[in-house]
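Reading through the structure tokens given below for one structure.
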Amino acid sequence: MLAKGVQQFEIQQEGLQAFLTSYGDSRWVLMFYDDKDRSDPELAEAIRQALGQDLPFEILTKGRWQLAGLIARHYQQGRVFLAGDAAHQLPPTRGGFGANTGIEDAFNLCWKLAWVLKGHSAETLLDSYDAERQPIGWLRYQQTFVRPDYAKHLKGQALDCPVLSDQAMEFGQLHRSGAVLGAGAELPAARHPSHWAGQPGVRAPHLWLAQGQSSLDWFGDGFVLVAKDERWRDIAATVALRLGLPLPCVGTELDLPTQERLGEAFGIDSGAALVRPDGIVAWRVPQMPADAVRVLGQAWAQAASLH
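Positions 341 to 647 (the working numbering) are the ones given, in order, by the sequence shown.
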């Protein structure tokens, strides 16, 4: 959108409140905030008022949008998976709860499907998709309709939950499943990311490294081990050899001040954190365990349902 210029317009005029946006192919959509029935001549006049001048246009279609809030009870039935609007219908919000939730669904599911199809993981890994994403869909529903602008649409019903910040909802959601070790029921469903400090089940924290690189650049292809202690490099290599999969170890190559910040961000001292391909922390141990090879191997095997 930034490369193509402004494409969305909020229209606030006397007697007309509307939203105008483009599909990018010469088609535009104009959405009125009222629920008024308009004849074709009235509709054409409203379009001219929204445009601010008498430009030529053709009305291709018209319809009504109905606000909805629906969450599927299950996101998986056998070999069928629901994601995006098929799994959850949410009205537009300032935090982008609907669109971002759908993108995160796909990001969560795709790496799991890939690992099962490649033969790395057992099919039981796919069970974690519903376990992790359906509660987040329900949380998004709650956080949409607990806000005053949408609460009025519940028609007398009320949600008994606190309003969480958009930062907590977008960057601090907790994923709970058998593929995450250490995300207990006692923890909140979401909180500001600065309060998590590498908690398993949440997004790996962002940390600026050298030359404008972010710690988030480490993740996306496979599992990654994050550590300060150089001993983890050999430990990761040993576990990777035994399990037959790559496991890069990052963080030990950083300078000391950056390592200290890394330790604070991930909640590790001499320990390490295991991060999934989707950037979610799967496991963490603050200190070096006595039998690190065995502990890491078991944690990785559980987090990825390895054969």
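Positions of the beta carbon are idealized from the N, C-alpha and C atoms, including for glycine.
According to DSSP, is R378 helix, strand or coil? Here residue 378 corresponds to residue number 38 of the sequence shown, with the count starting at 1. In the three-state reduction of the DSSP assignment, R378 falls in the coil class, being assigned neither a helical nor a strand state.
Can the beta-carbon of A301 be found closer than 8 Å to that of L549? Since the first residue of the chain shown is 341 and the last is 647, residue 301 is not available in this structure.
At least three beta-carbon pairs within less than 8 Å, the region 600 to 609 to the region 533 to 552: Yes, the region 600 to 609 touches the region 533 to 552.
Residue range of the beta strand (DSSP E) that includes F559: Reading the sequence shown from its first residue, position 219 is the one you call residue 559. In the DSSP assignment, F559 falls outside any beta strand (DSSP E) and carries neither an H nor an E.
Can you grab the Cα-Cα spacing for the pair M341 / W368, in whole Å? The residue you call residue 341 lines up with position 1 of the sequence shown. The residue you call residue 368 lines up with position 28 of the sequence shown. Low confidence applies here, because M341 scores a pLDDT of 45, under 50, leaving its location unreliable and the question unanswered by this model.
If you draw a straight line from the C-alpha of L527 to the C-alpha of Q553, how long is it? The residue you call residue 527 lines up with position 187 of the sequence shown. The residue you call residue 553 lines up with position 213 of the sequence shown. Near 31 Å, if we compare the C-alpha coordinates of Q553 and L527.
Which of the three DSSP states is assigned to C501 in this structure? On the sequence shown, residue 501 is found 161 positions in, with the first residue counted as 1. Correct three-state label for C501: coil.
CB of A462 within 8 Å of CB of S645, strictly: The residue labelled residue 462 in the question sits at position 122 within the sequence shown. The residue labelled residue 645 in the question sits at position 305 within the sequence shown. Contact flag set, yes.
Can you tell me whether W405 is buried or exposed? The criterion is at least 16 other CB atoms within 10 Å of its CB, across all chains shown. Walking along the sequence shown from the start, residue 405 turns up at place 65. Exposed: under 16 other Cβ atoms inside 10 Å.
Roughly how many angstroms separate the alpha carbons of P488 and T433, rounded to a whole number? The residue labelled residue 488 in the question sits at position 148 within the sequence shown. The residue labelled residue 433 in the question sits at position 93 within the sequence shown. Distance between the alpha carbons of P488 and T433 is about 12 Å.
Euclidean distance between Cα positions of I387 and L395: As a working mapping, residue 387 is identified with position 47 in the sequence shown. As a working mapping, residue 395 is identified with position 55 in the sequence shown. For I387 and L395, the distance between alpha carbons rounds to 9 Å.
For a minimum of 4 consecutive residues, which ranges assigned as the alpha helix (DSSP H) are wholly contained in the region 439 to 513? Runs found: 467 to 485, 488 to 491 and 506 to 511.
Given a cut-off of 8 Å, decide if R516 and A477 are closer than it, judged by their beta-carbon atoms. Counting from one through the sequence shown, the residue named residue 477 turns up at place 137. Counting from one through the sequence shown, the residue named residue 516 turns up at place 176. Note that residue 477 corresponds to Gly in the displayed sequence, not to Ala. No, these two residues do not count as a Cβ contact at 8 Å.
Whole-Å CB distance - K452 paired with S468, under 8 Å assumed: In the sequence shown, the residue the question calls residue 452 occupies position 112. In the sequence shown, the residue the question calls residue 468 occupies position 128. The Cβ separation is near 7 Å, so the contact holds.
What residues are listed by DSSP as bridge partners for R624? Position 284 of the sequence shown, counted from the first residue, corresponds to residue 624. Beta-bridge annotation (DSSP): R624 is paired with A613.
Measuring straight from C-alpha to C-alpha, what distance separates T592 and A412? As a working mapping, residue 592 is identified with position 252 in the sequence shown. As a working mapping, residue 412 is identified with position 72 in the sequence shown. Each residue's Cα considered, the two are about 43 Å apart.
Residue nearest to K568 in terms of C-alpha spacing, selected from R601, L587, F559 and G560: Position 228 of the sequence shown, counted from the first residue, corresponds to residue 568. That would be R601, whose Cα lies nearest to the Cα of K568.
Straight-line Cα distance separating Y490 from R571: Within the sequence shown, the letter at position 231 stands for residue 571. Within the sequence shown, the letter at position 150 stands for residue 490. Across the structure, R571 and Y490 are spaced so that their CA atoms are roughly 52 Å apart.
Three-state secondary structure assigned by DSSP to H535: Numbered from 1 along the sequence shown, position 195 holds the residue referred to as residue 535. In this structure, H535 counts as helix in the three-state DSSP scheme.
Taking the alpha-carbon of Q357 as reference, which of Q347, E385 and M371 has the nearest alpha-carbon? Taking the sequence shown and counting its residues from 1, the one referred to as residue 357 is at position 17. Closest option to Q357, judged by alpha-carbon separation, among Q347, E385 and M371: M371.
As a quick exercise: from Q417, L360, G403 and P475, pick the residue whose alpha carbon is nearest that of S441. Translated into the one-based positions of the sequence shown, residue 441 becomes position 101. One detail in the question is off: residue 441 reads as Thr in this sequence, not Ser. The candidate whose alpha carbon is nearest that of T441 is P475.
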